[in-house]
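Structure, as structure tokens:
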Amino acid sequence: MSVVTFEPVEGRPSLLSQLAGLFGARPRTHRRVTPDSEAPALSWPGMAGLSPDEVEAWRPICDVAARLAEAPPPATPAAPAHILDRVLAELEGVAAHHETRDVTVLFADVRGFTSFAQALRDNPRRLADLIGGILDPLSDVVLAHGGVIDKYMGDCVMAFWGAPDDDPDHARHAVQAARAMLGAMDAVNAWVAEAFADLGLPRIEIGIGVNSGECVVGNVGSRRRFDYSVLGDPVNVASRLEGLCKDFGTPLMVGEETARRLTGDAVLQDIGQVALRGRAGRQRVYGLASAAD
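The structure is reproduced here in structure tokens:
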């Protein structure tokens, strides 16, 4: 089995820097990545300070990294290189860095995916192909509009705008991305109709919730698992809005703060004030205007 070895430029490269280099960050402590079938397993210099249990925990990642080193780099990595560079710089200075940022958060969820999973219950590989074929183009839209993919949760993708790079117009960019996601579904469904013709699956639809506000942005988790993410009430509201799409018969629900920043934009229409699960009071929400569908 091939393992990954690194040729250091200066000092001993950190394991995190080594991994990040595989995903597009500019080399700072390493010059190149090479598979070496003669090297002992887990030969990364960064492993030296880990306990035996920690080394074993990293073994699957090492195997994946070895395969990545031998494969062409992805055309559009989930985290653009400049984001990885900035995150690495922050991690090397302060292990748990957080900052308060004004951001816009988006949740996009596949409608009725439970029925698709049931139809493919005996073929999990095809189920994975299906969800990948849906989430890939949606993720491409996020990246094309300057967003950051936060995480995938089954058949849902969470993304945000406004961090780590400043984006004064992040609310507009997020809504534009949401509309582009909806526009991408025709191509997605054409692919599904061909690739899964034997199943006769119904048309796949998505619901999207978008909301803006101040959030904590940074390393969420622990030193054993890094997750650059956003936390805060605006995130919860965006998730709740996505869940309301089906109730109001619209594929896109937008929070009041996001809509306020799009003053004069005819894309949205006022739906009224609604109660959001888990929140006191009512909040004004907006949907996609019929002329903008």
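Positions 7 to 299 (my numbering) are the ones given, in order, by the sequence shown.
Every residue gets a Cβ at the ideal spot worked out from N, C-alpha and C, and that includes glycine.
(1) Alpha carbon to alpha carbon, what distance is there between Leu258 and Leu107?
(2) Throw me the rounded Cβ distance for the Glu262 and Gln289 pair, which I believe falls under 8 angstroms.
(3) Nearest by alpha-carbon distance to Ala150: which of Leu136, Met159, His179 is it?
(4) I'd like to know whether the C-beta atoms of Gly189 and Trp167 end up nearer to each other than 8 angstroms.
(5) Apply the 10 Å Cβ neighbour rule to Arg246 and answer buried if 16 or more other Cβ atoms are within range, or exposed otherwise.
(6) Return yes when the C-beta of Ala165 is under 7 angstroms from any heavy atom of the ligand SAM, and no when it is not.
(7) Could you spell out where the beta strand (DSSP E) holding Ile210 opens and where it closes?
(8) Cα-Cα, which of Val291, Asp204, Asp253 is closest to Arg132?
(9) In the DSSP assignment, find the alpha helix (DSSP H) that holds Arg178 and state where it starts and stops.
(10) Helix or strand or just coil, what does DSSP make of Arg283?
(11) Of all the options Leu250, Ala183, Asn225, which has the alpha carbon lying nearest to the alpha carbon of Ser145?
(12) Cα separation between Thr110 and Ser235?
(13) For Asp172, count the other beta carbons within 10 Å of its own beta carbon; 16 or more makes it buried, fewer makes it exposed. Which is it?
(14) With a threshold of 8 angstroms on Cβ separation, who are the neighbours of Asp135 within its own chain once the five nearest residues in sequence on each side are excluded?
(15) Assuming the contact rule is C-beta atoms closer than 8 angstroms, Val216 and Val181 should be a hit. Round their C-beta distance to whole Å, please.
(16) Return helix, strand or coil for Asp108, following the three-state DSSP convention.
(17) Using C-beta distances below 6 angstroms, list every residue in its chain close to Thr256, excluding the 5 sequence neighbours before and after it, in chain order.
(18) Does the beta-carbon of Val291 have 16 or more other beta-carbons within 10 angstroms, so that it is buried, or is it exposed?
(19) Distance check for Asp161 and Phe119, CA to CA, integer angstroms please.
(20) Can you name the start and end residues of the alpha helix (DSSP H) that Ala265 belongs to?
(21) Between the alpha carbons of Glu211 and Val280, how many angstroms are there, rounded?
(22) Can you give me the C-alpha to C-alpha distance between Arg283 and Cys251, rounded to a whole angstrom?
(23) Which residue's Cα is closest to the Cα of Ala196: Met187, Ala186, Arg185, Arg209?
Reading it off the structure:
(1) Looking up residue 107 in the sequence shown gives position 101. Looking up residue 258 in the sequence shown gives position 252. Per the sequence shown, the amino acid found at residue 107 is Arg instead of Leu. Approximately 24 angstroms, taken between the alpha carbons.
(2) Here residue 262 refers to the residue found at position 256 of the sequence shown. Here residue 289 refers to the residue found at position 283 of the sequence shown. With a Cβ gap of about 6 angstroms, Glu262 and Gln289 count as contacting.
(3) For the purposes of this step, residue 150 is taken as the residue at position 144 of the sequence shown. Closest by alpha carbon: His179.
(4) Translated into positions along the sequence shown, residue 189 becomes position 183. Translated into positions along the sequence shown, residue 167 becomes position 161. Cβ atoms of Gly189 and Trp167: not closer than 8 angstroms.
(5) In the sequence shown, the residue the question calls residue 246 occupies position 240. Buried, by the Cβ-count rule.
(6) Ligands displayed in this structure: none; no statement on the ligand SAM is therefore possible.
(7) The residue given as residue 210 occupies position 204 in the sequence shown. Counting along the chain, Ile210 falls outside any beta strand (DSSP E), and DSSP gives it neither H nor E.
(8) Within the sequence shown, residue 132 is the residue found at index 126, counting from 1. When only C-alpha atoms are compared, the closest one is Asp204.
(9) By one-based count along the sequence shown, residue 178 stands at place 172. From DSSP, the alpha helix (DSSP H) with Arg178 extends over 176-201.
(10) Position 277 of the sequence shown, counting from 1, holds the residue named residue 283. Of the three classes helix, strand and coil, the one that applies to Arg283 here is coil, per DSSP.
(11) Residue numbering aside, residue 145 sits at position 139 when the sequence shown is read from its first letter. With distances taken between Cα atoms, Ser145 lies closest to Ala183.
(12) For the purposes of this step, residue 110 is taken as the residue at position 104 of the sequence shown. For the purposes of this step, residue 235 is taken as the residue at position 229 of the sequence shown. Cα to Cα, Thr110 sits roughly 12 angstroms from Ser235.
(13) Counted from its first residue, the sequence shown places residue 172 at position 166. Asp172 comes out exposed.
(14) The residue you call residue 135 lines up with position 129 of the sequence shown. Around Asp135: Ala201.
(15) If you number the sequence shown from 1, residue 216 lands on position 210. If you number the sequence shown from 1, residue 181 lands on position 175. Sure, about 6 angstroms apart at Cβ, within 8 angstroms.
(16) Within the sequence shown, residue 108 is the residue found at index 102, counting from 1. The answer is strand: DSSP assigns Asp108 an E or B state.
(17) Along the sequence shown, one-based indexing puts residue 256 at 250. Result list for Thr256: Gly293, Leu294, in chain order.
(18) For the purposes of this step, residue 291 is identified with residue 285 of the sequence shown, where counting begins at 1. So Val291 ends up on the buried side.
(19) As a position in the sequence shown, residue 119 is number 113, starting the count at 1. As a position in the sequence shown, residue 161 is number 155, starting the count at 1. The straight-line gap from Cα to Cα measures roughly 7 angstroms.
(20) As a working note, residue 265 is residue 259 in the sequence shown. Run containing Ala265: 262-266, per the alpha helix (DSSP H) assignment.
(21) Locating residue 211 in the sequence shown gives position 205, where the first residue counts as 1. Locating residue 280 in the sequence shown gives position 274, where the first residue counts as 1. Their Cα atoms are separated by approximately 23 angstroms.
(22) On the sequence shown, position 277 is the one that residue 283 refers to. On the sequence shown, position 245 is the one that residue 251 refers to. Distance between the alpha carbons of Arg283 and Cys251: 14 angstroms.
(23) Position 190 of the sequence shown, counted from the start, is the residue given in the question as residue 196. The shortest Cα separation from Ala196 among Met187, Ala186, Arg185, Arg209 belongs to Arg209.
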